[in-house]
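Protein chains: 2
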Amino acid sequence: MEKELLAKSDQDTRRRLMEAAGPIFGRRGFKAATVREICRSAGVNLAAVNYHFGDKLELYSMTLSRCMQGGLARHPIDGGLSLTATGAERLYAFVHSFLQRILGDGNPDWQGQLLAREMMEPTAALDRLVEDLIRPMFKQLCSIVSELLGARAKPALVILCARSVVSQCVFYHHSRPVLQRLSPQERIESQQVQRLARHITDFSLAALAGIGSEERG
Amino acid sequence: MEKELLAKSDQDTRRRLMEAAGPIFGRRGFKAATVREICRSAGVNLAAVNYHFGDKLELYSMTLSRCMQGGLARHPIDGGLSLTATGAERLYAFVHSFLQRILGDGNPDWQGQLLAREMMEPTAALDRLVEDLIRPMFKQLCSIVSELLGARAKPALVILCARSVVSQCVFYHHSRPVLQRLSPQERIESQQVQRLARHITDFSLAALAGIGSEERG
DNA sequence: TTTCCATTGAAACGCGCGTTTGATTCTATC
DNA sequence: GATAGAATCAAACGCGCGTTTCAATGGAAA
Numbered sequence: 002m003e004k005e006l007l008a009k010s011d012q013d014t015r016r017r018l019m020e021a022a023g024p025i026f027g028r029r030g031f032k033a034a035t036v037r038e039i040c041r042s043a044g045v046n047l048a049a050v051n052y053h054f055g056d057k058l059e060l061y062s063m064t065l066s067r068c069m070q071g072g073l074a075r076h077p078i079d080g081g082l083s084l085t086a087t088g089a090e091r092l093y094a095f096v097h098s099f100l101q102r103i104l105g106d107g108n109p110d111w112q113g114q115l116l117a118r119e120m121m122e123p124t125a126a127l128d129r130l131v132e133d134l135i136r137p138m139f140k141q142l143c144s145i146v147s148e149l150l151g152a153r154a155k156p157a158l159v160i161l162c163a164r165s166v167v168s169q170c171v172f173y174h175h176s177r178p179v180l181q182r183l184s185p186q187e188r189i190e191s192q193q194v195q196r197l198a199r200h201i202t203d204f205s206l207a208a209l210a211g212i213g214s215e216e217r218g
Numbered sequence: 002m003e004k005e006l007l008a009k010s011d012q013d014t015r016r017r018l019m020e021a022a023g024p025i026f027g028r029r030g031f032k033a034a035t036v037r038e039i040c041r042s043a044g045v046n047l048a049a050v051n052y053h054f055g056d057k058l059e060l061y062s063m064t065l066s067r068c069m070q071g072g073l074a075r076h077p078i079d080g081g082l083s084l085t086a087t088g089a090e091r092l093y094a095f096v097h098s099f100l101q102r103i104l105g106d107g108n109p110d111w112q113g114q115l116l117a118r119e120m121m122e123p124t125a126a127l128d129r130l131v132e133d134l135i136r137p138m139f140k141q142l143c144s145i146v147s148e149l150l151g152a153r154a155k156p157a158l159v160i161l162c163a164r165s166v167v168s169q170c171v172f173y174h175h176s177r178p179v180l181q182r183l184s185p186q187e188r189i190e191s192q193q194v195q196r197l198a199r200h201i202t203d204f205s206l207a208a209l210a211g212i213g214s215e216e217r218g
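As they're listed, the protein sequences go chains A and B. For the numbering used here, add 1 to where a residue sits in the first sequence, where the first one is 1. For the numbering used here, add 1 to where a residue sits in the second sequence, where the first one is 1.
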């Protein structure tokens with residue numbers, strides 16, 4: 002078992018497949034992505050997917066898992082913030098890293114797109130995705146929202162408000178085709194991520210500060 | 002030209018196709034919906050789509066157009082509100098009718114789902130959809146937001162805030178699969194539409210009342 | 001060198017899709 | 001009733017897909 006040569010060529014095709022599959026699944030979605038395109042992009046034979054992964058869905062699941070592992074490491078939820086940060090700072094960090102993950106352009110940030118697509122057109126892999134990644138993230142957001150609501154933080158209200166925050170983030174991904182047609186001159190790119198994060202945070206902070214009190218007409 | 006018999010049987014197949022196509026396109030999307038399923042549901046021959054509409058995309062475009070025409074009539078943007086309504090009332094009416102259109106369950110409210118799907122997986126029909134339906138709706142929302150912002154209503158801020166409002170609405174449609182897994186016991190149905198509309202309106206009113214001022218910590 | 005087995009490769013299979021075909025049925029006109 | 005044109009029908013076509021097949025390859029063990 003000459004591990005040296007074996008390890009290089011043995012898992013090489015497998016590795017190249019997963020690396021090629023990520024961006025393609027992220028760009029096209031599970032159904033629209035084709036095994037032929039992935040193999041062409043990876044420079045491997047068409048039969049390699051079925052030989053190494055069994056079928057297309059298993060390659061997709063593997064790619065998704067790998068994406069989940071690496072995704073949060075690259076854009077941590079708290080943005081590396083100290084535990085002493087204020088609620089407003091923590092909220093901004095959450096929103097900013099969320100947008101970076103979902104809207105990242107040039108970089109290998111097809112990962113956010115892959116996750117976003119899985120949420121819109123779920124496969125069997127969504128259940129694990131929710132439990133392993135989304136629920137922890139949502140819990141964290143709920144804790145931030147709860148802190149900002151203070152005494153008004155009833156459980157039902159916390160959940161509704163957390164949804165209101167995250168909905169503003171995913172909107173810029175899900176509705177991109179519409180937004181581009183509504184405002185063709187506007188470029189929703191990484192340069193804009195900070196502006197968007199600033200607005201979403203400000204909007205949400207104002208909402209969380211005011212909701213539950215009676216100050217509107 | 003015995004119009005009586007002619008009118009009934011002449012356009013009958015065509016009408017049945019469009020009626021069957023609506024829910025199926027709405028449920029499955031343009032690509033995933035099959036001509037075979039639509040024809041089976043309409044009780045017509047497989048070749049009828051190509052005979053009466055040319056191809057699948059044309060049937061889809063016709064269905065979308067008809068949907069746009071009838072959709073707003075059934076759930077008017079202002080909810081039939083008088084022009085003397087306050088900004089808060091107009092915002093609630095907008096949000097509520099929007100949610101009804103998108104989340105309507107039992108009823109023939111596949112129309113909202115059809116439009117929502119077109120926004121996520123656009124076809125060539127999206128351009129007209131944006132110009133004919135979405136842009137007018139967005140303008141109306143902008144005017145409501147502008148009224149609520151008062152003196153702080155700079156154009157860029159108005160657009161961002163209008164997006165923040167509408168994003169909370171579409172979220173409950175786009176992210177339904179995730180929401181159902183996050184809160185399995187919660188039923189996002191028509192009974193809940195009023196609760197959701199109430200929350201989204203309250204959240205947004207508080208945000209619009211506070212944003213631009215300095216009152217948060 | 002020979003044997004063996006995991007891996008690769010080219011080709012094809014089976015399927016479902018949108019679409020087309022050509023015969024058949026129906027109905028308004030003569 | 002005869003006829004022409006529109007509408008319907010069963011059947012098939014061509015295509016791309018995921019998947020399978022089976023021969024060719026090449027390094028490790030004998």
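Beta carbons are placed, not taken as given, at the ideal position from N, Cα and C, and that holds for glycine. Because the structure is a prediction, the values reported are computed rather than measured.
- Contact check for B/Y173 against B/L197 passes: the beta carbons are separated by less than 8 Å.
- Using beta-carbon distances, A/H53 does not count as an interface residue toward chain B, since no partner is under 8 Å.
- Listed by position along chain A, the residues whose Cβ is nearer than 7 Å to that of B/V179 are M120, V131, I135.
- Secondary structure at A/K32: coil, using DSSP grouped into helix, strand and coil.
- Nearest Cα to A/G213 within the set B/A207, B/I212, B/G211: B/A207.
- Contact of B/I201 with chain A by beta-carbon distance below 8 Å involves S165.
- With 16 or more other Cβ atoms from the protein chains shown falling within 10 Å of its own Cβ, A/Y61 counts as buried.
- Pairing B/R29 with A/R91, the inter-Cα distance amounts to about 39 Å.
- Closest option to B/P156, judged by alpha-carbon separation, among B/L47, B/Q193, B/L142: B/L142.
- In the three-state DSSP reduction, A/R188 falls in the coil class, being neither helix nor strand.
- Against chain B, a Cβ distance below 8 Å from A/L183 picks out V131, I135, R136, F139.
- When only Cα atoms are considered, B/Q12 and B/L115 end up about 23 Å apart.
- Using a CB distance cut-off of 8 Å, A/F26 does not count as an interface residue toward chain B.
- Restricting attention to alpha helix (DSSP H) runs no shorter than 4 residues, the region 164-214 of chain A encloses them at 177-183, 191-211, ordered along the chain.
- In this structure A/V146 is in contact with A/L209, their Cβ atoms being roughly 7 Å apart against a cut-off of 8 Å.
- Minimum Cα-Cα distance from B/A74 among the listed residues B/D56, B/F54, B/F99, B/N51 corresponds to B/F99.
- Contacts between B/A94 and chain A, judged by CB atoms closer than 9 Å, are missing: the closest CB pair is about 16 Å apart.
- In this structure, the beta-carbon distance from A/L65 to A/A126 falls below 8 Å.
- For B/H97, no chain A residue has a Cβ inside 7 Å of its Cβ, as the nearest lies near 16 Å away.
- Here A/V194 really is in contact with A/Q101; their C-beta atoms are around 6 Å apart, less than 8 Å.
- One finds nothing in chain A with a Cβ atom closer than 9 Å to the Cβ of B/C143; even the nearest lies about 11 Å away.
- Shown here, A/V45 sits in coil according to DSSP, grouped into three states, outside any helix or strand.
- Interface criterion met: the Cβ of A/Q169 is under 8 Å from a Cβ in chain B.
- Rounded to the nearest whole angstrom, the C-alpha separation of B/A86 and B/L130 is 29 Å.
- With a minimum length of 4 residues, the unbroken runs of alpha helix (DSSP H) contained wholly in the region 92-151 of chain A fall at 111-121, 127-130, 136-150.
- For the 8 Å CB-CB criterion, B/G27 and B/R118 form a contact.
- Shown here for A/S205: same chain residues with a beta carbon closer than 6 Å to its own, the five before and five after excluded, namely V166 in chain order.
- Under the three-state reduction of DSSP, A/Q70 is assigned to helix.
- Annotation for B/Q181: no residue places its beta carbon closer than 7 Å to its own, counting only its chain and skipping 5 residues before and after.
- Contact of A/S62 with chain B is not assigned, every C-beta pair being separated by 8 Å or more.
- Put simply, the CB of B/I103 is far from chain A, with every gap to its CB atoms at 8 Å or more.
- For the 8 Å CB-CB criterion, B/F31 and B/E132 do not form a contact.
- In chain order, L60 place their CB closer than 6 Å to the CB of B/F54, counting only its own chain and leaving out the 5 sequence neighbours on each side.
- One finds nothing in chain A with a Cβ atom closer than 8 Å to the Cβ of B/S147; even the nearest lies about 15 Å away.
- With a 10 Å radius around the Cβ and a threshold of 16 neighbouring Cβ atoms, A/Q186 comes out exposed.
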